[in-house]
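Protein chains in written order, with the working numbering: chain A, 1 to 172; chain B, 1001 to 1172. In this text, a Cβ means the ideal position worked out from N, Cα and C, and glycines have one as well. Let me begin by presenting the structure, written as structure tokens, before commenting on it.
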DNA sequence: GAAATATAGTTAACATGTTAAATGATATCC
DNA sequence: GGATATCATTTAACATGTTAACTATATTTC
């Protein structure tokens, strides 16, 4: 038995590419988002802008750092998007009185109107997805995803140092 | 009982933000990739470059369109990345004789050496993840993700037309 | 078999992801 | 109480995501 499903060709011992967990998660997420993107686009919103406005709808005001956490965006992305949303009058910002470093953000009336315009379609799509996949299975999937996250939270990142032989890759 | 868990504040009827499926998938995927990124980075590779080299390792040669499909990248992204990988001599390309439109790509000896250098760490991380989460649960999760994808494949995209009131968002 | 159509790939333009560095403000240390 | 470290946010630089437009080749149609 020379080949025991040992993985990819060329003798590199490795899982089959198609079975990788990151790929599976990426594909699943893309399948879901593909349903939402056209509607968001018709309202002039990207997925991330929508995430931010959604998060703002749930609160009165929120600090930038906390907003980054709940909308799951990195600081630099959030910083740019807030600049654009503010220019479109969809959000309002001020600085905290007690700590001038902190920015405080809230959704504007116009932003709220936009959310209200998008929400029905968005909810309808979500309902359709739930119906097709099954509400029970959906809840089960969400549980497993949370559990996966929890499992990896304490894992701590490996960080060995090395580099490409010849190291002719772009600066840094 | 004035509020029956009706969702976010401000009277917009909507799921809680934190329960959205796209967010759950994004968070889970990020938790996984956070484990791999430092190692890839130490070898001068981004996640997408790694995906491409991985896919190339499994075949002798492959056409660009098919590579886009298996590496799950859009054409423009793939086009740019192939340009860079070729400049770094990690891949080789030629055009198909029968159809001059088609490009044919393969991994170079240097690219293969790089894969061999990264694979051990990568496999070790994957094994650690499997161990922590549980091999059985991991397989079950992958099944559910595939099933979700399948459920949505036939859904066909809603595409109502509308726009932001005042439409002062960036051109297009 | 030349015009119309379709296909494969790239380029363009803009938004976001990602890491590092800069900026400004606050807290801490002696 | 002033140097120093820490913190919140932004800016910089480069890679990728995303849609549209473009180029070159192939195919189809009449």
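Asked                                                                                                                                                                                 : Found
For residue 106 (chain A), collect the residues of the same chain with a Cβ closer than 6 Å to its Cβ; drop the 5 residues on either side in sequence, then sort them by chain order. : 61 and 92
Can the beta-carbon of residue 36 (chain A) be found closer than 9 Å to that of residue 1038 (chain B)?                                                                               : no
For residue 49 (chain A), which option in A:88, A:125 and A:104 has the closest C-alpha, if you only look at C-alpha atoms?                                                           : A:88
Could you tell me how far apart the beta carbons of residue 33 (chain A) and residue 1123 (chain B) are, in whole angstroms, since I believe they sit closer than 8 Å?                : 30 Å between Cβ atoms; not a contact.
Quick one: list the residues of chain A neighbouring residue 1095 (chain B), beta-carbon separation under 7 Å, in chain order.                                                        : Here the premise fails: no neighbours, minimum Cβ distance about 23 Å.
Whose Cβ in chain A lies nearer than 8 Å to the Cβ of residue 1067 (chain B)?                                                                                                         : None at all; the shortest Cβ gap to chain A is about 11 Å.
Kindly provide the ranges of any beta strand (DSSP E) runs that are 3 or more residues long and lie completely inside the segment 1084-1165 of chain B, ordered along the chain.      : 1091-1095 and 1103-1107
So, does the CB of residue 1119 (chain B) fall closer than 9 Å to a CB anywhere in chain A?                                                                                           : yes
Could you give the first and the last residue of the continuous alpha helix (DSSP H) run that contains residue 57 (chain A)?                                                          : 47-57
Counting along the chain, where does the alpha helix (DSSP H) carrying residue 1039 (chain B) start and finish?                                                                       : 1021-1042
Is the distance from the Cβ of residue 64 (chain A) to the Cβ of residue 45 (chain A) below 9 Å?                                                                                      : no
Using the DSSP secondary-structure output, state which residues sit across from residue 63 (chain A) in a beta bridge.                                                                : A:104
When the Cα of residue 94 (chain A) is compared with those of A:104, A:85, A:100 and A:86, which residue comes out closest?                                                           : A:104
At a CB distance below 9 Å, what residues from the segment 1050-1067 of chain B approach chain A? Give them in sequence order.                                                        : 1051, 1054, 1055, 1057, 1058, 1059 and 1060
Which residues, in chain order, does the segment 1077-1095 of chain B contribute to contact with chain A at a C-beta distance below 9 Å?                                              : 1084, 1087, 1088, 1089 and 1090
Quick one: is the Cβ of residue 136 (chain A) within less than 8 Å of any heavy atom of the ligand MG?                                                                                : No copy of the ligand MG occurs in the structure displayed, which carries no ligand at all.
Considering Cα atoms alone, identify which of A:47, A:150, A:57 and A:25 is closest to residue 113 (chain A).                                                                         : A:57
Could you run through the segment 102-114 of chain A and flag, in chain order, every residue whose CB is less than 9 Å away from some CB of chain B?                                  : 107, 110, 112, 113 and 114
Looking at chain A, which residues of the segment 1017-1036 of chain B have a Cβ within less than 9 Å of any of its Cβ atoms?                                                         : 1017, 1018, 1019, 1020, 1021, 1022, 1023, 1024, 1025, 1026, 1027, 1028, 1029, 1030, 1031, 1032, 1033, 1034, 1035 and 1036
For the candidate residues B:1121, B:1075 and B:1119, whose alpha-carbon lies nearest to that of residue 1102 (chain B)?                                                              : B:1075
Would you say residue 1135 (chain B) lies against chain A (beta-carbon separation less than 9 Å)?                                                                                     : no
What do you reckon, are the CB atoms on residue 1053 (chain B) and residue 1111 (chain B) nearer than 9 Å?                                                                            : yes
Roughly how many whole angstroms lie between the Cα atoms of residue 47 (chain A) and residue 1086 (chain B)?                                                                         : 32 Å
Could you list which residues in chain A have their beta carbon closer than 8 Å to that of residue 1142 (chain B), in chain order?                                                    : 19, 21 and 24
Are any of the Cβ atoms in chain B nearer than 9 Å to that of residue 98 (chain A)?                                                                                                   : no
Step through the CB atoms of chain A and report whether any lies within less than 9 Å of the CB of residue 1168 (chain B).                                                            : The pLDDT assigned to residue 1168 (chain B) is 38, lower than 50, so where the model puts this residue is not dependable; a value taken from the coordinates is nonetheless given after this. Closer than 9 Å to some Cβ of chain A, the Cβ of residue 1168 (chain B) qualifies, so yes.
Can you tell which of B:1019, B:1084, B:1138 and B:1109 has its C-alpha closest to the C-alpha of residue 11 (chain A)?                                                               : B:1109
Does the beta-carbon distance from residue 1147 (chain B) to residue 133 (chain A) come in below 9 Å?                                                                                 : yes
For residue 1129 (chain B) versus residue 1138 (chain B), is the C-beta distance shorter than 9 Å?                                                                                    : yes
Is it the case that the Cβ atoms of residue 1155 (chain B) and residue 140 (chain A) are separated by a distance below 9 Å?                                                           : no
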